[in-house]
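Chemist: Chains as they are written, first to last, in this note's numbering: chain A, 1 to 119; chain B, 120 to 229.
Note that the Cβ used here is the ideal one computed from N, Cα and C, for glycine as well.
These numbers were taken from a predicted model, which means no experiment stands behind them.
Quick one: the structure is below, questions incoming.
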């Protein structure tokens, strides 16, 4: 199946620093990618939809100035957590669909996730 | 908007069968997904239902009733490795995104 690569897998940073997370579709092009956040023992909460070549669409309650999303190419989307604070500590996961002819239609492929810990 | 409900936790015995239910209320419906997620890992795809009925895939089956806003995931011949969270997710009509339920944490006991 399609592969979505996400890194880093784990980040520990000091409060006030910025952290960039990369999400790449390795063998397909993704015009749209999704960023989710997951707190311990909770489900995935959609943060934003990343659109190649245009602005991201943020879900209600998600600060667009704090969570900067850039989708500059068909295979790469980045999420930058600016001025991170302890309450931003969470598991961040990206995902994408393979819309190519050989793709698997509606199936959403996930990256391996990034565990962010802000001290 | 979307509202998706599933039990928080379930326990089942190795070798047995377990059914995990999911109910949803949505403003539009264009498919329901089940994902498996082990702790600290990304979710992996299990099944996709867009029409009513049962989809069987090995030990896992998924059922959908659109009129009732109801789905279940059936796991047979349970194995210890099936201990994980099972996430129900709905795709709205006319958009790409998935909305996930709270997930059901399944524990398999010997």
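Excluding the five sequence neighbours on either side, which residues of its own chain have a C-beta within less than 7 Å of the C-beta of residue 112 (chain A), listed in chain order?
Modeler: Contacts found: 6 and 9.
Chemist: Under 8 Å: do the stretch 27-42 of chain A and the stretch 207-227 of chain B share three or more Cβ pairs, one atom per stretch?
Modeler: At 8 Å Cβ cutoff, the stretches touch.
Chemist: Using only the alpha-carbon positions, how far apart do residue 107 (chain A) and residue 18 (chain A) sit?
Modeler: Answer to the nearest angstrom: the Cα atoms are 32 Å apart.
Chemist: With a cut-off of 8 Å, does the C-beta of residue 74 (chain A) fall near any C-beta of chain B?
Modeler: Closer than 8 Å: no.
Chemist: Suppose you measure from the CA of residue 84 (chain A) to the CA of residue 176 (chain B); what does that come to, to the nearest Å?
Modeler: Their backbone Cα atoms lie some 43 Å apart in a straight line.
Chemist: Quick one: what's residue 198 (chain B) bridged to in DSSP?
Modeler: In the DSSP output, where bridge partners are listed per residue, residue 198 (chain B) has none listed.
Chemist: Run down chain A in chain order and give the residues with a C-beta less than 7 Å from the C-beta of residue 216 (chain B).
Modeler: By Cβ distance, chain A contributes 34, 46 and 49.
Chemist: Mapping the DSSP letters down to three states, classify residue 87 (chain A) as helix, strand or coil.
Modeler: Helix, per DSSP.
Chemist: Kindly identify the DSSP beta-bridge partner or partners of residue 34 (chain A).
Modeler: Paired residue(s): A:49 and A:95.
Chemist: If we require 3 or more residues per run, which beta strand (DSSP E) segments fall completely within the stretch 139-200 of chain B?
Modeler: If we require 3 residues or more, the beta strand (DSSP E) runs fully inside the stretch 139-200 of chain B come out as 151-156, 163-168, 172-176, 179-184 and 189-194.
Chemist: Between residue 110 (chain A) and residue 4 (chain A), how many whole angstroms is the CB-CB distance? I'm expecting something under 8 Å.
Modeler: Between residue 4 (chain A) and residue 110 (chain A) the Cβ distance is about 6 Å, and since that is below 8 Å, they are a contact.
Chemist: Taking DSSP as the reference, what is the three-state secondary structure of residue 130 (chain B)?
Modeler: It is a strand residue.
Chemist: Output the distance between the C-alpha atoms of residue 13 (chain A) and residue 87 (chain A), rounded to the nearest integer angstrom.
Modeler: Taking the straight line joining both Cα atoms gives about 13 Å.
Chemist: Using alpha carbons as the reference points, say which of B:189, B:212 and B:194 lies closest to residue 225 (chain B).
Modeler: Of the candidates B:189, B:212 and B:194, the one whose C-alpha sits nearest the C-alpha of residue 225 (chain B) is B:194.
Chemist: For chain B, is any of its Cβ atoms less than 8 Å away from the one on residue 93 (chain A)?
Modeler: For residue 93 (chain A), the answer is yes, since a Cβ of chain B falls inside 8 Å of its Cβ.
Chemist: Taking the alpha carbon of residue 48 (chain A) as the reference point, which residue from A:41, A:36, A:114 and A:75 has its own alpha carbon closest?
Modeler: Selected option, being the one with the closest Cα: A:36.
Chemist: So what's residue 117 (chain A) in DSSP terms, helix, strand or just coil?
Modeler: If DSSP states are grouped into helix, strand and coil, residue 117 (chain A) belongs with the strands.
Chemist: Pull out every residue of the stretch 172-194 of chain B whose Cβ sits closer than 8 Å to any Cβ of chain A, in chain order.
Modeler: Under the 8 Å Cβ criterion, the stretch 172-194 of chain B contributes no residue.
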